[in-house]
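These notes are about the structure you will find just below.
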Amino acid sequence: MVQYGCRYRKLSAFSRPAKQMKTDEIRQKYLDFFATKGHTVCPSDVLVPKWDPTVLFTPAGMNPFKDHFLGNVELEFTRATSSQKCLRTGDIENVGRTAYHHTFFEMLGNFSFGDYFKREAIHWAWEFLTDKQWLNIPKERLSVTVYLDDDEASDIWEKEVGLPLDRIQRLGEHDNFWPAGAPSDGPDGVCGPCSEIFYHPDSGGECEIWNLVFTQFNRSGDPPNNLSPLPHQNIDTGMGLERVAAVLQGVETNFHIDSLIPIVRASSEVCKTKYAPDSEDGRRLRRITDHVRACTMAIHENVLPDAEKENYTVRRLLRRAVFQGRQMGMEEPFLYKIVPAVVEAMSVPYPDLAKTAGNVAKVIQQEEQTFFKVIERGMKHVDKFIEETKASGEKQLDAEKVAHFYQTYGVPPELTTSVAAEFGMEMDWDKYQAWMDEHGQKSGAGTVAVMGNDGPIDMLKQEIKSTPFVGYDSTSASAAVKGCGTTEERMSSLASDSSAGEVQQFIVLDQTPFYAKSGGQESDAGKIVGPNGEFAIEELIKTGDMIVHLGKVTSGTIAEGDAVEAIVDDTRRTGLCRAHSATHILHHALQNHVGSHAQQRGSRVEDDELRFDFANDAAVSAEKLALIEQQSNDNVALGSEVRADTVSLDDAKSAGAMMLFGEKYPDPVRMVSIGDYSKELCGGTHVANTATIEVIEIVSEESVSAGVRRIVAYTGAKAKGNQRQLTNSAEKLAQKLGVTVSALPRAATTLAKSIKGLKKQLSTGVEFKPDPTPAESASAEPSDYFGVREVMRKVAEALSTTVNDAAGRIETMLTDKENLLKQIEETKGVASVSADDLIQDAQKCGDTLLVIKQIDGANSDLLKRLVDQIRKKASPAAIVLGAGGSDGKVLLVVGVSRDLVAGGIKAGDIVKEIAPIVGGGGGGKPDLAQAGGKLPDKLPEALEKAKLIVEQKLST
RNA sequence: GGGGACGUAGCUCAAUUGGGAGAGCACUGCCUUUGCAAGGCAGGGGUUAGGGGUUCGAGCCCCCUCGUCUCCA
3 MVQYGCRYRK LSAFSRPAKQ MKTDEIRQKY LDFFATKGHT VCPSDVLVPK
53 WDPTVLFTPA GMNPFKDHFL GNVELEFTRA TSSQKCLRTG DIENVGRTAY
103 HHTFFEMLGN FSFGDYFKRE AIHWAWEFLT DKQWLNIPKE RLSVTVYLDD
153 DEASDIWEKE VGLPLDRIQR LGEHDNFWPA GAPSDGPDGV CGPCSEIFYH
203 PDSGGECEIW NLVFTQFNRS GDPPNNLSPL PHQNIDTGMG LERVAAVLQG
253 VETNFHIDSL IPIVRASSEV CKTKYAPDSE DGRRLRRITD HVRACTMAIH
303 ENVLPDAEKE NYTVRRLLRR AVFQGRQMGM EEPFLYKIVP AVVEAMSVPY
353 PDLAKTAGNV AKVIQQEEQT FFKVIERGMK HVDKFIEETK ASGEKQLDAE
403 KVAHFYQTYG VPPELTTSVA AEFGMEMDWD KYQAWMDEHG QKSGAGTVAV
453 MGNDGPIDML KQEIKSTPFV GYDSTSASAA VKGCGTTEER MSSLASDSSA
503 GEVQQFIVLD QTPFYAKSGG QESDAGKIVG PNGEFAIEEL IKTGDMIVHL
553 GKVTSGTIAE GDAVEAIVDD TRRTGLCRAH SATHILHHAL QNHVGSHAQQ
603 RGSRVEDDEL RFDFANDAAV SAEKLALIEQ QSNDNVALGS EVRADTVSLD
653 DAKSAGAMML FGEKYPDPVR MVSIGDYSKE LCGGTHVANT ATIEVIEIVS
703 EESVSAGVRR IVAYTGAKAK GNQRQLTNSA EKLAQKLGVT VSALPRAATT
753 LAKSIKGLKK QLSTGVEFKP DPTPAESASA EPSDYFGVRE VMRKVAEALS
803 TTVNDAAGRI ETMLTDKENL LKQIEETKGV ASVSADDLIQ DAQKCGDTLL
853 VIKQIDGANS DLLKRLVDQI RKKASPAAIV LGAGGSDGKV LLVVGVSRDL
903 VAGGIKAGDI VKEIAPIVGG GGGGKPDLAQ AGGKLPDKLP EALEKAKLIV
953 EQKLST
């Protein structure tokens, strides 16, 4: 692909009359054209294909058809065409700088799955581009490239289309092969030559507008002779919609086409900066235009800015855009104000944008605020660093530090360097880049995702394509083994092999009752029993439409062709069903009590346990949670029927089933209804009647990320077990504290207070007197579990901990209290020692009072307190106090009054000299120091030594 | 998935680098002021995120867990 930066000689983008073909028309014409050629028009796939782990965002039009190309699914059609929304960040640095780069863009494509090939692909591309009825581009404006060896394509262009040879360029595998460089460098798998079509505008240069990929080979090993023809040849083409629009509208850059210039204008207006195309601000406005469009599209599909994966990509795009604005002087959130312009510009292909526009703007505004806060926080570190650099007289900014500030605090390097520039400092950007590269390296270079079938499971998938799931109504089924092996190789039979160690065995059946993890619901467990052996299931995976049973043969052998019984672990399945139906019931109750915005943001269904994430700005109050729990349990008690129907997507929609943007739904779709109140599109397993759930208990409500809350709840056996446990521990605690259950919160508070008081007594000597116990108010004993839970919640609140931890906390508090009482008992004798007594007993050395005393059993707080008191009453004074504890440890505290410190006598020096005598070490500040040791017998010796030291110091 | 930083009073943050847990704001009480704005004095408020380890001694060092922020995939 050849790219040229563009200079904008014409500044007439705003005023150009839009007589040319509109972007929306081009898109429609493309789809119409290929429909006339027998293609099925497919709607754009979602922006984040969750089913494809190799990519974060849909990068190209062919992505949704991967399994079609590989022959992994039953084909309903062999020709398809689409306009696909795509997002790529690989060229993010080029956005705004070059004429044709975007992060978000639309890709037009036509696809053949083992149907037509090169000839049709080339002829139709030419017809669409040049025919009067379609795009009507002058033929002399176009040229093509083909792969070096691809005589076939070259001949079609020359002899059949009639393109002169001088406009057919032959390029090597790095330009005209997909994947680039595949023949020499791999990867193995399907690949093929391609042919690119270029447009040549007035302004010179060229613009690649269409790439036709002819996948006709399977690569295996290194050259030569490593490309073998595929039995089914495919066509995959991609045409950048924005580029074609730019060409047809005669504008110098994609950003000036009819669907993008309004966003540029809006950005210009919001940022109060005139749009001058060929200026730095012009580039900034184009970057903002691109990024805000990408963010709007992503957030519309519920991909919110956050710290992980695709969410992080959105955050990065958004922050880059905000930073561009900041560089133009914007100090307040502004990006969200451009959202309406995006929605308007994209309204024809994506009318749904209007429905979420308000929310999208809110999300963006919030993230902008967060970003400004982050920068503000980070700048504290940056300012300090620049201050230091300035002080050192260094003019070269430490690139490592600049990278560190970006990686750790999120401060863009441009910001750091621009602040530094005010003080005449510069930075070596190459060094900065090197540090960033190293960081990327350390974080683990991503493995290059390739499209291809490798491994025994993928091979089997091509053969079998899909495994019918028969487990909705039963938990066992007779089946036949269609294939088996280890994750390393396919085998005809599996034997139990204790030496196998890490290698997992797998089995694929012709049908299965086992549910494989999907839609938030975890996998089943169970076993497969054959005539000659048994297989224990450890994990189930769904790849495409095929279900793979992973695990180990536990006895005998299982062989391909065996007739087997597949038996699902019933207890676990029931728990999963209970939790899943409960999830729907809870979702409904949330909609009722929190609001219709409280839509699902994520869900995890386990054995009698569910985790449900939903959109909400703030914590749900305890009262509301109680109502939600109440309504959910009412619906359980109601014994509503749970039904699953397969209906068309349209019918589901009109029936009022909840649908989310950014979710891909099949058509027809499975709709699960509970009673007459809940309808959701869902592929999971459910109870037949809500009564089976027994009980739904909400155990927690917390935040997961900005605007998203999470509820965890238990059902059935787990909820019951949890209730028993909590009731038990409440009763045990009550017994331990010698109170009734209803009095637990007060008892806990009293206990906490007494510990606080006793601690204070130990350190200050002020005796702790517990509050007189208030008259027992007549609170009734809890009559049921929920009453007990209420009591325990109050206990937990009083101790600022969770309900689960409350019991353990009280246990440790009780032992703490015991220990404190013991310590107080031990120090009782010495607590009465007063500063006056010590002064009385002290010697004088010149003017200086010399207090040297052993007070066994005293703690460090007491000794320090005495030092302070003596110093207040008498000065100059040098005080050395020692204590031998019953635990065999020694404590030394040395204090020196200020005037002595000024005279060069330092407590720290003294303590350092005497501490080794008692087998320890010490240190401190000039006026107060402390030390410890392990030899109580030597304490008198140490004190004697201290006396000598002080006397010697005083005499010099 | 990985790298970095952080978690101290209700809030914003200190803690001389391992040696007595503090400041400002907020809060309570009293005083000053015609009143307000404010000022003065006194006071309450801490499991230094939680757990373990090293040490005579840990907010600080090491390990684990939890949480927040950030960058890279």
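Per my numbering, the very first residue in the first sequence carries number 3; after that it's consecutive.
Virtual Cβ for every residue (Gly too), placed ideally from N, Cα, C.
In this text, all values refer to a predicted model and were calculated from it rather than measured experimentally.
How big is the Cα-Cα spacing for residue i and residue j?
i: Gly-7; j: Thr-100; result: A caution first: Gly-7 carries a pLDDT of 40, below 50, which makes its placement in the model unreliable, though a value can still be read off. Straight-line Cα distance between these residues: approximately 5 Å.
i: Arg-645; j: His-688; result: 9 Å
i: Thr-105; j: Val-316; result: 11 Å
i: Asp-400; j: Leu-173; result: 44 Å
i: Gly-240; j: Asp-117; result: 18 Å
i: Leu-746; j: Thr-729; result: 13 Å
i: Gly-897; j: Ile-916; result: 14 Å
i: Val-452; j: Val-192; result: Only weak support exists for where Val-452 lies, its pLDDT of 44 falling under 50; the coordinates are left without a value.
i: Leu-627; j: Ile-700; result: 8 Å
i: Asp-177; j: Val-596; result: 55 Å
i: Ala-127; j: Pro-55; result: 32 Å
i: Ala-62; j: Gly-111; result: 9 Å
i: Gly-448; j: Asn-594; result: Unreliable positioning characterises Gly-448 in this predicted model, as indicated by a pLDDT of 42, which lies under 50. A coordinate reading is not provided.
i: Leu-629; j: Leu-592; result: 9 Å
i: Leu-956; j: Ile-907; result: 8 Å
i: Ile-826; j: Ile-713; result: 46 Å
i: Leu-243; j: Leu-229; result: 33 Å
i: Asp-609; j: Asp-572; result: 11 Å
i: Thr-559; j: Leu-496; result: 5 Å
Which residue or residues does DSSP assign as beta-bridge partners of residue i?
i: Glu-682; result: Met-660, Val-674
i: Tyr-716; result: Glu-611, Glu-699
i: Asp-786; result: BP columns for Asp-786 are empty, so no partner.
i: Pro-195; result: Phe-179
i: Tyr-201; result: Leu-144, Cys-209
i: Leu-846; result: For clarity, residue 846 is Lys in the given sequence; the question names Leu instead. According to DSSP, Lys-846 bridges with Leu-851.
i: Gln-932; result: Val-895, Gly-925
i: Gln-435; result: Answer is none; Gln-435 lacks a bridge partner.
i: Asp-547; result: Ser-468
i: Met-429; result: Leu-399
i: Thr-239; result: Leu-214
i: Ser-230; result: Asn-220
i: Lys-866; result: According to DSSP, which records beta bridges pairwise, Lys-866 is partnered with nothing at all.
Go through its chain and collect everything with a Cβ distance to residue i's Cβ below 8 Å, but skip five positions before and after it.
i: Gly-709; result: Leu-306, Val-365, Gln-368, Ala-617, Asn-618, Asp-619
i: Lys-891; result: Gly-934, Gly-935, Lys-936, Pro-938
My understanding is that residue i touches residue j, with C-beta atoms under 8 Å, so please give their C-beta distance in whole angstroms.
i: Val-272; j: Gly-664; result: About 26 Å; that fails the 8 Å criterion.
i: Leu-902; j: Leu-883; result: Contact flag wrong, Cβ pair sits at about 16 Å.
i: Ile-211; j: Val-163; result: Between Val-163 and Ile-211 the Cβ distance is about 16 Å, and since that is not below 8 Å, they are no contact.
i: Thr-692; j: Ser-583; result: 6 Å
i: Tyr-32; j: Ser-85; result: 7 Å
i: Glu-960; j: Ile-698; result: In this structure the chain extends from 3 to 958, so residue 960 is not present and cannot be described.
i: Gln-329; j: Arg-286; result: 6 Å
i: Gly-923; j: Ala-931; result: Going by Cβ atoms, the distance from Gly-923 to Ala-931 rounds to 11 Å, so no, they are not a contact pair.
i: Arg-295; j: Ile-265; result: 6 Å
i: Ser-605; j: Thr-585; result: 6 Å
Ignore the nearest five residues each way along the sequence and tell me which others in residue i's own chain have a CB closer than 7 Å to its CB.
i: Ala-538; result: Lys-529, Gly-553, Lys-554, Thr-556
i: Ala-359; result: Val-341, Pro-342, Val-345
i: Gln-513; result: Thr-469, Pro-470, Val-472, Ala-479, Ala-481
i: Lys-403; result: Phe-387
i: Gly-521; result: Cys-684, Gly-685, Gly-686
Give every residue of the same chain whose Cβ lies closer than 6 Å to the Cβ of residue i, excluding the five residues on either side of it in the sequence, and list them in chain order.
i: Leu-851; result: Ala-844, Ala-876, Ala-879
i: Phe-200; result: Ser-145, Glu-208, Glu-210
i: Cys-579; result: Thr-687, His-688, Val-689
Under the criterion of a Cβ to heavy atom distance below 7 Å, does residue i qualify as lining the ligand HEM?
i: Pro-351; result: The model on display carries no ligand, and the ligand HEM is accordingly not part of it.
Complete runs of the alpha helix (DSSP H) confined to the segment 270 to 312 [at least 4 residues]: Runs of the alpha helix (DSSP H) inside the segment 270 to 312: 282 to 302.
Alpha helix (DSSP H) runs wholly inside the segment 128 to 159, at least 4 long, in chain order: Listed in chain order, they are 153 to 157.
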